[in-house]
Amino acid sequence: MYRIAVISYHTSPLAPLGAHEMGGLNVYVRELVRELAERGQQIDVFTRRTDPAAPEIVPMPGGDSPGQPGARLVHIDAGPPAPVEKETLSDHLDAFEQGVLAFARRNGFAYDVVHSHYWLSGVVAERLKARWEVPHVTMFHTLGEVKNRARISEHEPQPRIEAERDVARRAERIVVASHDERQLLVRLYGVDAGRIAVVPCGVNLDLFRPIEKNEARQELGLREDDRILLFVGRIEPLKGVDILLGAAAQLETEPDCFVLVIGGDSSARSGETEHLRDLASELGIGERVSFLGAVDHERLPLFYSAADVCVVPSFYESFGLVALEAMACGTPVVASRVGGLAGTVRDGETGYLIPWRCPEPFAERLELLLGNDELRRAFGQSARKEVERFRWGNVADLVLTLYRELIEGAPARGAVTFRN
Ligand code: UDP
Numbered sequence: 008m009y010r011i012a013v014i015s016y017h018t019s020p021l022a023p024l025g026a027h028e029m030g031g032l033n034v035y036v037r038e039l040v041r042e043l044a045e046r047g048q049q050i051d052v053f054t055r056r057t058d059p060a061a062p063e064i065v066p067m068p069g070g071d072s073p074g075q076p077g078a079r080l081v082h083i084d085a086g087p088p089a090p091v092e093k094e095t096l097s098d099h100l101d102a103f104e105q106g107v108l109a110f111a112r113r114n115g116f117a118y119d120v121v122h123s124h125y126w127l128s129g130v131v132a133e134r135l136k137a138r139w140e141v142p143h144v145t146m147f148h149t150l151g152e153v154k155n156r157a158r159i160s161e162h163e164p165q166p167r168i169e170a171e172r173d174v175a176r177r178a179e180r181i182v183v184a185s186h187d188e189r190q191l192l193v194r195l196y197g198v199d200a201g202r203i204a205v206v207p208c209g210v211n212l213d214l215f216r217p218i219e220k221n222e223a224r225q226e227l228g229l230r231e232d233d234r235i236l237l238f239v240g241r242i243e244p245l246k247g248v249d250i251l252l253g254a255a256a257q258l259e260t261e262p263d264c265f266v267l268v269i270g271g272d273s274s275a276r277s278g279e280t281e282h283l284r285d286l287a288s289e290l291g292i293g294e295r296v297s298f299l300g301a302v303d304h305e306r307l308p309l310f311y312s313a314a315d316v317c318v319v320p321s322f323y324e325s326f327g328l329v330a331l332e333a334m335a336c337g338t339p340v341v342a343s344r345v346g347g348l349a350g351t352v353r354d355g356e357t358g359y360l361i362p363w364r365c366p367e368p369f370a371e372r373l374e375l376l377l378g379n380d381e382l383r384r385a386f387g388q389s390a391r392k393e394v395e396r397f398r399w400g401n402v403a404d405l406v407l408t409l410y411r412e413l414i415e416g417a418p419a420r421g422a423v424t425f426r427n
């Protein structure tokens, strides 16, 4: 059994999903921690307190035994006990570091490894590792330099990129979710490939499973014979919802097709939904696009199952959990050929991958799929089969192997991976 300190400074893994920067990262930490706890590990996840009323310690799902939860969330006082703008988050790193050190001292804990998620957590984890003399495993989830090169979101500040470079140079292991991300770290950040482990993300196959389409539509109050395209994700320019709207407006053979957009504005770009609503009106499809806001994660299988096609038109996606979730529900995916999506969607088998970031090719593939019930069914069935190998349990097994290598001092292999 290892005692693992997980740093999730930027956001709590138990926060509601779909808006305000809450998305794949939260799901990742929650699911990985649950699986690690089920494998008998002891995990403390440290996050910054954003609610004054929250207890210091909250048990997390997975491996609970009375009085000794395998996994727990620890709220650390650092800065105002409220959400803060992400531009000022780094002001509270020192207080956070001191809070984590004090918690460990008070409880007499010695952690075996520290595992950080996202760049600011990586910065804190480097300091903790020096104090505790333990190895550091980090996962960036997204990279500032890559976001800037996509030239579509707000410009990521230089201090972020420098901090990422520093963490990337010093961490014992960097976990990435795709081979594409590994290449980017080598090429843009100069990281030695031997310290990078490729571990694809997982999907909860018990939660995300096919529900009979008409049943799902009835439950959601949607009509059985409508054509429905679905988008799920945080609403921000990098996600390319404008491309989906542009494509929907060009569907000549499916002019009545509906678009459901699920997800809320990220804090830095509030007003993005309004912008997209205006765009839909300008394109003449305002009546056929519904912005549903953020939807509970547990309710999403209904939407994925009710949709004819799930569209993931991102400009950058380090992995793209939404595509996996849709596929697990037996729904074909039409996605940009970027980042991890290129390794999950099988072009011409479970959906289509579009190499260009513009509406026309999306519209062309969507028309093809929407016009052919048999093709959609076949893609949907292949999609469910394809995702069987993406289980959070596999992710946890690989991450545990990494911990073991580092803690037991086994020779570094750096090649922990499974077929992707
Ligand atoms: N999500 C959700 N409700 C919403 C919108 C998104 O539960 O209203 C979840 C979605 O199911 C997925 C995650 O947020 O698990 C988004 O992850 P993804 O990797 O697709 O994008 P990221 O947020 O990492 O950019």
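Each residue of the sequence shown is one higher than the one before, starting from 8 at the first, in my numbering.
Each residue gets a CB set at the ideal place from its N, CA and C atoms; glycine is no exception.
Segment limits, beta strand (DSSP E) that includes Pro313:
As a working mapping, residue 313 is identified with position 306 in the sequence shown. The sequence given here has Ala at residue 313, not Pro. That residue, Ala313, is in no beta strand (DSSP E); its alpha helix (DSSP H) goes Leu307 to Ala313.
Does DSSP classify His148 as helix, strand or coil?
Taking the sequence shown and counting its residues from 1, the one referred to as residue 148 is at position 141. Note: His148 maps to coil in three-state DSSP.
With distance defined between alpha-carbon atoms, name the residue in Glu152, His143 and Lys154 nearest to Glu179.
For this step, residue 179 is matched to residue 172 along the sequence shown. When each option's Cα is compared against that of Glu179, the closest is His143.
Taking 7 Å as the line, does the beta carbon of Phe147 fall inside it for any heavy atom of the ligand UDP?
Residue numbering aside, residue 147 sits at position 140 when the sequence shown is read from its first letter. Not so, every heavy atom of the ligand UDP lies at least 7 Å from the Cβ.
Specify the secondary structure class of Val13 as computed by DSSP and reduced to three states.
Start at 1 with the first residue of the sequence shown, and residue 13 comes out as number 6. Three-state DSSP puts Val13 in a strand.
Apart from the five residues just before and just after Arg79, which ones in its own chain have a Cβ nearer than 8 Å to its Cβ?
Taking the sequence shown and counting its residues from 1, the one referred to as residue 79 is at position 72. Answer for Arg79: Ile50, Asp51, Val52, Ile64, Val65, Pro66 and Met67, listed in chain order.
Among Ala157, Val319, Arg224 and Thr357, which one has its Cα closest to the Cα of Leu237?
What you label residue 237 is simply residue 230 of the sequence shown in a count that begins at 1. The residue with the shortest Cα to Cα distance from Leu237 is Val319.
Buried or exposed, going by whether 16 or more other CB atoms sit within 10 Å of the CB of Asp58?
Walking along the sequence shown from the start, residue 58 turns up at place 51. Asp58 should be labelled exposed.
Do Ala349 and Asp187 come within 8 Å of each other at the CB atom, strictly closer than that value?
Here the question's residue 187 lines up with position 180 in the sequence shown. Here the question's residue 349 lines up with position 342 in the sequence shown. Contact: yes.
Closer than 7 Å by C-beta to Val141: which residues in its own chain qualify, once you throw out the five before and the five after it? Chain order, please.
For the purposes of this step, residue 141 is taken as residue 134 along the sequence shown, with counting starting at 1. Closer than 7 Å at the Cβ level, and outside the excluded window around Val141, lie Tyr118, Asp119, Val120 and Val121.
Counting Cβ pairs, one atom from each stretch, are 3 or more of them under 8 Å apart for the region 399-406 and the region 199-208?
Yes: at least three Cβ pairs fall under 8 Å.
Please state whether the Cβ-Cβ distance between Val210 and Val394 is less than 8 Å.
The residue given as residue 210 occupies position 203 in the sequence shown. The residue given as residue 394 occupies position 387 in the sequence shown. Val394 is positioned such that its CB atom lies closer than 8 Å to that of Val210.
Please classify Cys264: is it buried, with 16 or more other beta-carbons within 10 angstroms of its beta-carbon, or exposed?
For the purposes of this step, residue 264 is taken as the residue at position 257 of the sequence shown. Taking all protein chains in view, the Cβ of Cys264 is crowded by 16 or more other Cβ atoms within 10 Å, so the residue is classified as buried.
Can Leu258 and Gly31 be called in contact, C-beta distance under 8 Å?
Residue 258 sits at position 251 when you count from the first residue of the sequence shown. Residue 31 sits at position 24 when you count from the first residue of the sequence shown. In this structure, Leu258 lies away from Gly31, with their beta-carbon atoms at least 8 Å apart.
Quick check on DSSP: helix, strand or coil for Arg167?
As a position in the sequence shown, residue 167 is number 160, starting the count at 1. Three-state result, Arg167: helix.
Counting beta carbon pairs with one atom in the region 308-323 and one in the region 236-251, are three or more of them shorter than 8 Å?
yes
Contact set for Asp233: own chain, Cβ-Cβ below 6 Å, skip 5 residues either direction
Taking the first residue of the sequence shown as position 1, residue 233 is located at position 226. A distance below 6 Å between beta-carbons, with the five flanking residues on each side excluded, links Asp233 to the following residues of its chain, in chain order: Phe265.
Just how far apart, CA to CA, sit Ala255 and Ala287?
The residue given as residue 255 occupies position 248 in the sequence shown. The residue given as residue 287 occupies position 280 in the sequence shown. Near 9 Å, if we compare the C-alpha coordinates of Ala287 and Ala255.
Let me know the secondary structure DSSP gives Asp285 once reduced to three states.
Sequence index remark: in the sequence shown, residue 285 carries index 278 (1-based). Correct three-state label for Asp285: helix.
From Leu382 to Gly358, what distance separates their C-alpha atoms?
Residue mapping note: residue 382 aligns to position 375 of the sequence shown, counting from 1. Residue mapping note: residue 358 aligns to position 351 of the sequence shown, counting from 1. Using only the alpha carbons, I get a separation of about 10 Å.
Count the CB pairs spanning the region 213-224 and the region 357-371 that are closer than 8 Å, and state whether there are at least three.
no
Give the secondary structure of Val107 by DSSP, where H, G and I count as helix, E and B as strand, and everything else as coil.
For the purposes of this step, residue 107 is identified with residue 100 of the sequence shown, where counting begins at 1. It is helical.
Flag Glu188 as yes when its Cβ comes closer than 7 Å to any non-hydrogen atom of the ligand UDP, and as no otherwise.
Mapped onto the sequence shown, residue 188 falls at position 181. Not under cutoff, so the answer is no.
Quick check on the DSSP output: the alpha helix (DSSP H) that includes Asp199 runs from which residue to which?
Indexing the sequence shown from 1 puts residue 199 at position 192. It is not in any alpha helix (DSSP H) - Asp199 carries neither H nor E in the DSSP assignment.
Just to confirm, is the Cβ distance from Gly240 to Gly270 under 8 Å?
Walking along the sequence shown from the start, residue 240 turns up at place 233. Walking along the sequence shown from the start, residue 270 turns up at place 263. Cβ distance < 8 Å, so Gly240 and Gly270 count as in contact.
First and last residue of the alpha helix (DSSP H) that includes Leu229?
Here residue 229 is taken as the residue at index 222 of the sequence shown, counted from 1. Per DSSP, Leu229 belongs to no alpha helix (DSSP H) and is neither H nor E.
Alpha carbon to alpha carbon, how far is Ala111 from Gly74? Give it in angstroms, no decimals.
As a working mapping, residue 74 is identified with position 67 in the sequence shown. As a working mapping, residue 111 is identified with position 104 in the sequence shown. Because the pLDDT of Gly74 is 49, which lies under 50, any placement of that residue in the model is unreliable, and the number read from its coordinates should be weighed accordingly. Approximately 18 Å, taken between the alpha carbons.
Any heavy atom of the ligand UDP closer than 7 Å to the CB of Ala178?
Against the sequence shown, residue 178 aligns to sequence position 171. Answer for Ala178: no, Cβ out of range of the ligand UDP.
Check whether the Cβ of Arg230 sits closer than 7 Å to any heavy atom of the ligand UDP, and report yes or no.
For the purposes of this step, residue 230 is taken as the residue at position 223 of the sequence shown. Answer for Arg230: no, Cβ out of range of the ligand UDP.
Trp126 - DSSP class collapsed to helix/strand/coil
Taking the sequence shown and counting its residues from 1, one reaches residue 126 at position 119. Reduced to three states, the DSSP call for Trp126 is helix.
For Ser185 and Gly347, believed in contact at Cβ under 8 Å, the rounded distance
For this step, residue 347 is matched to residue 340 along the sequence shown. For this step, residue 185 is matched to residue 178 along the sequence shown. About 4 Å; that satisfies the 8 Å criterion.
Does DSSP classify Thr233 as helix, strand or coil?
The count along the sequence shown starts at 1 and reaches residue 233 at position 226. According to the sequence shown, residue 233 is Asp rather than Thr. Residue state, collapsed to three classes: coil.
Around the Cβ of Phe116, are there at least 16 other Cβ atoms within 10 angstroms (buried) or fewer (exposed)?
Within the sequence shown, residue 116 is the residue found at index 109, counting from 1. Classification for Phe116: exposed.
If Phe298 and Val268 are in contact, beta carbons under 8 Å, what's the gap, nearest whole angstrom?
In the sequence shown, the residue the question calls residue 298 occupies position 291. In the sequence shown, the residue the question calls residue 268 occupies position 261. Yes, Phe298 and Val268 are in contact; Cβ-Cβ is about 5 Å, under 8 Å.
Let me confirm a value: Tyr410 is counted as buried when at least 16 other C-beta atoms fall within 10 Å, else exposed. Which label applies?
Along the sequence shown, one-based indexing puts residue 410 at 403. With 16 or more other Cβ atoms within 10 Å, it is buried.
Quick one: residues in its chain with C-beta nearer than 8 Å to the C-beta of Arg138, no 5 flanking neighbours on either side, listed in chain order?
Along the sequence shown, one-based indexing puts residue 138 at 131. So the list reads Leu108, once near-sequence residues are dropped.
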